[in-house]
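Quick note on my numbering: the sequence shown kicks off at 47 and runs consecutively. Cβ coordinates follow ideal geometry from the N, Cα and C atoms, glycine included. None of these values were measured; they are calculated from a predicted model.
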Amino acid sequence: TECKKCGDGTNSSADFSVCVDCDPGRFGLDGVCERCPDGTVADAPGKTECVACAGGTAAAAGEYNGRTYNRFVCKQCEAGDVRVDGNCERCGGGKFFQTGDLES
Numbered sequence: 047t048e049c050k051k052c053g054d055g056t057n058s059s060a061d062f063s064v065c066v067d068c069d070p071g072r073f074g075l076d077g078v079c080e081r082c083p084d085g086t087v088a089d090a091p092g093k094t095e096c097v098a099c100a101g102g103t104a105a106a107a108g109e110y111n112g113r114t115y116n117r118f119v120c121k122q123c124e125a126g127d128v129r130v131d132g133n134c135e136r137c138g139g140g141k142f143f144q145t146g147d148l149e150s
């Protein structure tokens, strides 16, 4: 007998006895789960790719089945913050950004 490879969206369990879905906020290819890149989310277990957040929003933590996961939901940046590389960052002195403003 030989070990079998886990499929996309899954990886091996802690005891290597079965394949389990990647956690929310992560994606899996070839049996390896990885964290979603900046500015992207995976909103359910077993995802094979992450989805980019729209302008003015950033990847944030969210709850799924009673547990909190990072990079789970896209959230609108607050007033005074602007989206940079998928993250909400505070505006510097002498500048402002209102929630709902269009970004270029």
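Within the same chain, show all residues whose beta-carbon is closer than 7 Å to that of residue i, passing over the 5 residues directly before and after it, in chain order.
i, result
"Gly102", "Gln122, Cys123, Arg129, Glu149"
"Gly92", "Gly55, Thr56, Asp67, Cys68"
How big is the Cα-Cα spacing for residue i and residue j?
i, j, result
"Ala104", "Gly77", "27 Å"
"Gly53", "Phe118", "22 Å"
"Glu135", "Arg113", "26 Å"
"Asn116", "Glu48", "35 Å"
"Asp84", "Ala106", "10 Å"
By Cβ distance below 8 Å, which residues in the same chain neighbour residue i in space, the five residues on each side in sequence not counted?
i, result
"Ser59", "Cys65, Val66"
"Cys28", "This structure cannot settle anything about residue 28, because the visible part of the chain is limited to 47 through 150."
"Arg81", "Gly71, Arg72, Asn116, Arg117"
Report back the beta-carbon spacing between residue i and residue j to the nearest angstrom; my notes put them in contact at under 8 Å.
i, j, result
"Cys96", "Phe73", "5 Å"
Taking residue i as part of the beta strand (DSSP E), name the residues at either end of that continuous run.
i, result
"Asp67", "65 to 67"
"Gly74", "72 to 75"
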